[in-house]
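Just so we're aligned, residue 2 is where the sequence shown starts under this note's numbering, counting upward by one.
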Amino acid sequence: MIKIIRVSERGDYDKETIYSIFDDGYLCHVANESDHGPVVLPTLYGRHENFVCFHGTPAAWMFRWANSEANIILVVTHVDGFVLARSLFDHSMNYRSVVAIGKTEKVEDPEEVMHALEVITEDCLPGRWEEDREPNDVEMRQTTVFRFELTTALIK
2 MIKIIRVSER GDYDKETIYS IFDDGYLCHV ANESDHGPVV LPTLYGRHEN FVCFHGTPAA
62 WMFRWANSEA NIILVVTHVD GFVLARSLFD HSMNYRSVVA IGKTEKVEDP EEVMHALEVI
122 TEDCLPGRWE EDREPNDVEM RQTTVFRFEL TTALIK
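In structure tokens form, the structure reads like this:
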């Protein structure tokens with residue numbers, strides 16, 4: 002369990018609110034520890050039930066931690082507006098953010114891979130999945146899909 006420390010009254014752990022923040026966006030940042038230190042990279046995602054799916058090329062070193070014991074951190078943030086004050090020091094912003102910690106799983110089953118790609122596409126570009134042709138075998142071999150279960154997450 003992760004715990005909200007600073008301004009904890011503005012945080013929450015409500016699963017439906019977590020889902021709504023994921024559902025309102027399509028870009029997340031994935032962080033993990035590499036041989037060269039911490040790394041944070043942006044990627045598109047789609048949520049289905051209690052899972053977040055994202056994809057990439059099998060050659061990307063970013064995805065070497067999949068199916069490992071290493072935790073990753075997945076973050077989604079939406080800036081809803083700026084709060085302006087007479088002093089720059091007192092400026093702030095209204096935002097919704099989810100921080101989730103857990104392990105990824107490489108999706109192996111071809112039907113599940115196709116479903117995950119549809120979820121990602123439809124979350125980013127509603128209706129586009131039906132307009133395009135399905136990925137071919139060459140494209141599928143050049144794509145790896147990962148699933149991240151939303152078991153440990155917080156909102157702020």
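Positions of the beta carbon are idealized from the N, C-alpha and C atoms, including for glycine.
Taking the alpha-carbon of I156 as reference, which of V100, C125 and N137 has the nearest alpha-carbon?
The residue you call residue 156 lines up with position 155 of the sequence shown. Among V100, C125 and N137, the Cα nearest to that of I156 belongs to V100.
Along the beta strand (DSSP E) that carries K107, what are the first and last residues, could you check?
Sequence index remark: in the sequence shown, residue 107 carries index 106 (1-based). Note, K107: beta strand (DSSP E), T105 to K107.
Measure how close the beta-carbons of V84 and S98 come, nearest whole angstrom, since I'm counting them as under 8 Å.
Within the sequence shown, the letter at position 83 stands for residue 84. Within the sequence shown, the letter at position 97 stands for residue 98. The pair is not a contact, with the Cβ atoms about 16 Å apart (cut-off 8 Å).
L45 and Y20 - do their beta-carbons sit closer together than 9 Å?
Against the sequence shown, residue 20 aligns to sequence position 19. Against the sequence shown, residue 45 aligns to sequence position 44. For Y20 and L45, no; Cβs fall outside 9 Å.
With respect to the alpha helix (DSSP H) encompassing E34, which residues constitute its N-terminal and C-terminal limits?
By 1-based counting over the sequence shown, the position of residue 34 is 33. In the DSSP annotation of this structure, E34 is not part of any alpha helix (DSSP H); the continuous beta strand (DSSP E) holding it starts and ends at L28 to S35.
Look at the alpha carbon of D13 and the alpha carbon of W130, and state the distance between them as a whole number of angstroms.
Your numbering for residue 13 matches position 12 in the sequence shown. Your numbering for residue 130 matches position 129 in the sequence shown. Approximately 34 Å between the Cα atoms of the pair.
Let me make sure I understand the geometry here. Which of K16, E109, D25 and H49 has the alpha-carbon closest to that of R142?
As a first step, residue 142 must be located in the sequence shown, where it is residue number 141. Nearest C-alpha to R142: E109.
Report the option in A61, D24, R48 and A71 whose CA atom is closest to the CA atom of L42.
Looking up residue 42 in the sequence shown gives position 41. For the residues A61, D24, R48 and A71, the minimum Cα distance to L42 belongs to A61.
Do N33 and V40 have their CB atoms nearer than 9 Å?
One-based indexing of the sequence shown puts residue 33 at position 32. One-based indexing of the sequence shown puts residue 40 at position 39. It is a contact, given that the beta carbons lie within the stated cut-off.
In the structure shown, what three-state DSSP assignment does L151 receive?
Position 150 of the sequence shown, counted from the first residue, corresponds to residue 151. L151: coil per DSSP, three-state reduction.
Within its chain, find whatever has a CB closer than 8 Å to the CB of T18; leave out the 5 residues flanking it on each side and keep chain order.
On the sequence shown, residue 18 is found 17 positions in, with the first residue counted as 1. Excluding positions up to five away in sequence, the list reads I156.
If you reduce the DSSP assignment to three classes, tell me which class A101 lands in.
If you number the sequence shown from 1, residue 101 lands on position 100. Three-state DSSP puts A101 in a strand.
Hey, how far is the Cα of V80 from the Cα of N95?
Here residue 80 refers to the residue found at position 79 when the sequence shown is read from its first residue. Here residue 95 refers to the residue found at position 94 when the sequence shown is read from its first residue. So the alpha carbons of these two residues sit roughly 6 Å apart.
Spatial neighbours of G103 within its chain, please: C-beta separation below 8 Å, excluding the five flanking residues on both sides.
Looking up residue 103 in the sequence shown gives position 102. Correct list, in chain order: N72, I73, L75, F149, E150, L151, T152 and T153.
Please report the residue range of the alpha helix (DSSP H) in which H116 lies.
In the sequence shown, counting from the first residue as 1, residue 116 sits at position 115. Element bounds for H116: P111 to C125.
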